[in-house]
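Participant: Chains as they are written, first to last, in our numbering: chain A, 11 to 265; chain B, 4 to 328. Even glycine gets a Cβ: it sits at the ideal position worked out from N, Cα and C.
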């Protein structure tokens, strides 16, 4: 799982670089517009260490933002799973708010909170929260009739049990959604860093943009891609392990 | 019969190609560095008053922005002329770009620092010690300030450096004392806003302390200079005529009128103040001809960038500066 993610990223990255080099050669562009391989390698030698720690910095904020979003999405998703007026209200509100481009609020957050950690965290959480919430709401609001029916007719159904059944039956979907939201959290953090930060890889990319230094940006993209692939692979592996642990064939302890 | 059809087709093709190349030769794209406002008044004026048309050119003046880069567009052939700052030009030359500077628009760099009058005036560079100074990391203000620090033997421990962006809140909240601004655009707006709060400001101009970092200049590609020197000359003459007219106080009303059509974001009173500020940077005295390339300032800019490791090797900038008469 982990290695497949990295291979996939490397293939996409190399194809992208080759396309850029083809354009560079075809249009006889200087290294200022599109850097050559030598310049990319030279730049990588200069900034890899710095960018590695920048990406880790960004990732730490993204992971925290994602954890907050997951906790909040599950809380709201579980509360909104019922077909009562509260549930309907939560669902309608979530669907309407998610239609708004949250990233447009980033400058307001920046003005109110200034630059720094909290602003980055908030923007990251907001960007990955709504897609997560909609998926969790969808999963939690859909009954697993085959299993739930038994507990309903025997009067043994509790809300905790209902949530567990629905989560277990949709574990693959949840793992995919959570793993996907890691990319969103990372993108959100980088956007936050573009606008309102003094640290992280988004901030370093912005500085490189000021200097029109595409070689630095390409190195930054490589570092982001590799580290996010490892993180996503890690999440997917954990998802698989939880699935195996919860599996009925292993004793069905979960219920 | 077949022969005559081929002959007609051949002549038609020749005619179409000839017409196309003629049309292309007289049609040029000009990419500005910044948004349409009074800091590009001369460019707007030359276009609006038909100076390009009179020179036989069809010029499309394109608005700039932080994301748009005239040098990239010259190489990609989206633009024939552009405006770029000296640091952009020198960086591009360091990476092998084939570009030339054909006019220097700003004689005084608009990149300056604003600070409140209730703080002691910065009369010498030593007065920077202990202040909280805003710097755009990666921007040319960082290079300029580092040069000033080096000149005054000021280390990073002697001052507080704060990274800044477009939002002025930290300056308004007094978290940062000395804030980088473009003197003729943001500087005017900030000064006006603070004046309404009963506060007055000073501007700290690095040029007053011997640091002349060149700002915006007109650039073109080597290919354009080689293939169409006549177009380069016509374009530049029309452009500089536009700038001279726009900066002439006698034409102030006309200039503000043409700028207003494109710059809707500012009030009339601000635009007027911005125009006055721009005038003093573009044409600091009546004897200065707009477009004059200050060779010494360019050399100093290159030295600063080399010292700051912004470029890897000398680019011999003077070989890329062409003062067209």
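1) Report yes if the C-beta distance between residue 199(A) and residue 68(A) is below 7 Å; otherwise report no.
2) Look up residue 295(B) in the DSSP assignment and say whether it is helix, strand or coil.
3) If you follow the beta strand (DSSP E) that residue 224(B) is part of, which residue opens it and which one closes it?
4) My understanding is that residue 140(B) touches residue 181(B), with C-beta atoms under 8 Å, so please give their C-beta distance in whole angstroms.
5) Between 245(A), 246(A), 239(A) and 162(A), which lies nearest to residue 21(A) when the distance is taken from Cα to Cα?
6) Using beta carbons (cut-off 7 Å, strictly below), is residue 316(B) in contact with chain A?
7) Under 7 Å, Cβ to Cβ, is there at least one residue of chain B near residue 98(A)?
8) Any idea what DSSP makes of residue 3(B), helix, strand or coil?
9) Does residue 140(B) get closer than 7 Å to chain A when you measure Cβ to Cβ?
10) Check residue 232(B) in the structure and name its three-state DSSP category.
11) Around the C-beta of residue 224(B), are 16 or more other C-beta atoms found within 10 angstroms, so that it is buried, or is it exposed?
12) Evaluate residue 244(B) with the Cβ neighbour count: other Cβ atoms within 10 Å of its Cβ, from every protein chain shown; 16 or more gives buried, anything less gives exposed.
13) In the DSSP assignment, find the alpha helix (DSSP H) that holds residue 281(B) and state where it starts and stops.
14) In terms of residue numbering, what span does the beta strand (DSSP E) encompassing residue 206(B) cover?
15) Go ahead and label residue 98(B) buried or exposed: buried means 16 or more other beta carbons lie within 10 angstroms of its beta carbon, across all protein chains shown.
16) Would you say residue 61(B) lies against chain A (beta-carbon separation less than 7 Å)?
17) Using a C-beta cutoff of 7 Å, does residue 201(A) count as contacting chain B?
18) Expressed to the nearest angstrom, what Euclidean distance is found between the alpha-carbon atoms of residue 176(B) and residue 122(A)?
19) At what residues does the alpha helix (DSSP H) containing residue 91(B) begin and finish?
20) Taking residue 134(A) as part of the alpha helix (DSSP H), name the residues at either end of that continuous run.
21) Classify residue 167(A) as helix, strand or coil using the three-state DSSP reduction.
22) Comparing alpha-carbon positions, which option in 56(B), 69(B), 42(B) and 32(B) lies nearest residue 219(A)?
23) Spell out the partners DSSP gives residue 324(B) in its beta bridges.
24) Taking three-plus beta-carbon pairs below 8 Å as touching, is the region 131 to 139 of chain B in contact with the region 247 to 261 of chain B?
25) In chain order, what residues of the same chain have a beta carbon less than 7 Å from the beta carbon of residue 44(B), not counting five sequence neighbours either side?
26) Residue 117(B) and residue 62(B) look like a contact to me (Cβ under 8 Å); what is the Cβ gap, rounded to whole Å?
27) Exposed or buried, which one is residue 169(A) when buried takes at least 16 other CB atoms within 10 Å?
28) Going along chain A in order, which residues have a C-beta closer than 8 Å to the C-beta of residue 172(B)?
29) Say whether chain A places a C-beta atom closer than 7 Å to the C-beta of residue 270(B).
30) Does the beta carbon of residue 78(B) come closer than 7 Å to any beta carbon on chain A?
31) Helix, strand or coil, according to DSSP, for residue 54(B) in the structure here?
32) By the three-class DSSP mapping on this structure, what secondary structure does residue 183(B) have?
33) Can you tell me which of the three DSSP states residue 62(B) falls into?
34) Taking the continuous beta strand (DSSP E) assigned at residue 137(B), which residues delimit it?
35) Identify the residues that DSSP records as bridge partners of residue 114(B): which are they?
36) Can you pull the chain B neighbours of residue 269(A), defined as C-beta to C-beta under 8 Å?
Facilitator: With the structure as the only source:
1) Mapped onto the first chain, residue 199(A) falls at position 189. Mapped onto the first chain, residue 68(A) falls at position 58. Contact flag set, yes.
2) Stepping through the second chain from its first residue, residue 295(B) is reached at position 292. It is coil, neither helix nor strand.
3) As a working note, residue 224(B) is residue 221 in the second chain. Note, residue 224(B): beta strand (DSSP E), 219 to 224.
4) The sequence position of residue 140(B) within the second chain is 137, counting from 1. The sequence position of residue 181(B) within the second chain is 178, counting from 1. About 15 Å separates the two Cβ atoms, so there is no contact after all.
5) Mapped onto the first chain, residue 21(A) falls at position 11. Comparing Cα positions, the closest option is 239(A).
6) As a first step, residue 316(B) is located in the second chain; it is residue number 313 there, counting from the start. With 7 Å as the cut-off, residue 316(B) does not count as an interface residue toward chain A.
7) Here the question's residue 98(A) lines up with position 88 in the first chain. Taking Cβ atoms only, chain B never reaches closer than 7 Å to residue 98(A), which makes this a no.
8) This structure cannot speak to residue 3(B), because chain B is shown only from 4 to 328.
9) Start at 1 with the first residue of the second chain, and residue 140(B) comes out as number 137. Yes, contact with chain A.
10) Within the second chain, numbered from 1, the residue matching residue 232(B) stands at position 229. Correct three-state label for residue 232(B): helix.
11) If you number the second chain from 1, residue 224(B) lands on position 221. Buried, because 16 or more other Cβ atoms sit within 10 Å of the Cβ of residue 224(B).
12) Position 241 of the second chain, counting from 1, holds the residue named residue 244(B). Looking at its Cβ environment, which holds 16 or more other Cβ atoms inside 10 Å, residue 244(B) is buried.
13) Here residue 281(B) is taken as the residue at index 278 of the second chain, counted from 1. Where residue 281(B) is concerned, the enclosing alpha helix (DSSP H) stretches over 271 to 285.
14) Locating residue 206(B) in the second chain gives position 203, where the first residue counts as 1. First-last of the beta strand (DSSP E) with residue 206(B): 204 to 207.
15) For this step, residue 98(B) is matched to residue 95 along the second chain. Residue 98(B) should be labelled buried.
16) Residue 61(B) sits at position 58 when you count from the first residue of the second chain. Judged by the 7 Å Cβ criterion, residue 61(B) is not in contact with chain A.
17) Taking the first chain and counting its residues from 1, one reaches residue 201(A) at position 191. For residue 201(A), the answer is no, since every Cβ of chain B falls outside 7 Å of its Cβ.
18) Position 173 of the second chain, counted from the first residue, corresponds to residue 176(B). Position 112 of the first chain, counted from the first residue, corresponds to residue 122(A). If you take the alpha carbons of residue 176(B) and residue 122(A), they lie about 12 Å apart.
19) Translated into the one-based positions of the second chain, residue 91(B) becomes position 88. Run containing residue 91(B): 89 to 97, per the alpha helix (DSSP H) assignment.
20) Numbered from its first residue, the first chain carries residue 134(A) at position 124. Residue 134(A) -> alpha helix (DSSP H) spans 127 to 150.
21) The residue given as residue 167(A) occupies position 157 in the first chain. Residue 167(A): coil per DSSP, three-state reduction.
22) As a working mapping, residue 219(A) is identified with position 209 in the first chain. The residue with the shortest Cα to Cα distance from residue 219(A) is 69(B).
23) Numbered from 1 along the second chain, position 321 holds the residue referred to as residue 324(B). Beta-bridge pairing links residue 324(B) to 104(B).
24) no
25) For the purposes of this step, residue 44(B) is identified with residue 41 of the second chain, where counting begins at 1. Within the same chain, residue 44(B) has close Cβ partners 249, 258, 262, 278 and 281.
26) What you label residue 117(B) is simply residue 114 of the second chain in a count that begins at 1. What you label residue 62(B) is simply residue 59 of the second chain in a count that begins at 1. Their Cβ separation, rounded to whole angstroms, is 35 Å, which puts residue 117(B) and residue 62(B) out of contact at 8 Å.
27) Taking the first chain and counting its residues from 1, the one referred to as residue 169(A) is at position 159. It counts as exposed.
28) Taking the second chain and counting its residues from 1, one reaches residue 172(B) at position 169. The contacting residues are 121 and 124.
29) Position 267 of the second chain, counting from 1, holds the residue named residue 270(B). No, residue 270(B) does not count as interfacial toward chain A.
30) Position 75 of the second chain, counted from the first residue, corresponds to residue 78(B). Answer yes: the Cβ-Cβ gap between residue 78(B) and chain A drops below 7 Å somewhere.
31) One-based indexing of the second chain puts residue 54(B) at position 51. Helix at residue 54(B).
32) For the purposes of this step, residue 183(B) is taken as residue 180 along the second chain, with counting starting at 1. Note: residue 183(B) maps to strand in three-state DSSP.
33) Along the second chain, read from residue 1 onward, the residue named residue 62(B) stands at position 59. Of the three classes helix, strand and coil, the one that applies to residue 62(B) here is strand, per DSSP.
34) Within the second chain, the letter at position 134 stands for residue 137(B). Taken as a continuous stretch (DSSP letters only), the beta strand (DSSP E) holding residue 137(B) covers 135 to 138.
35) Locating residue 114(B) in the second chain gives position 111, where the first residue counts as 1. Paired residue(s): 185(B).
36) Given that chain A is displayed from residue 11 to residue 265, the structure contains no residue 269(A) and the question cannot be resolved.
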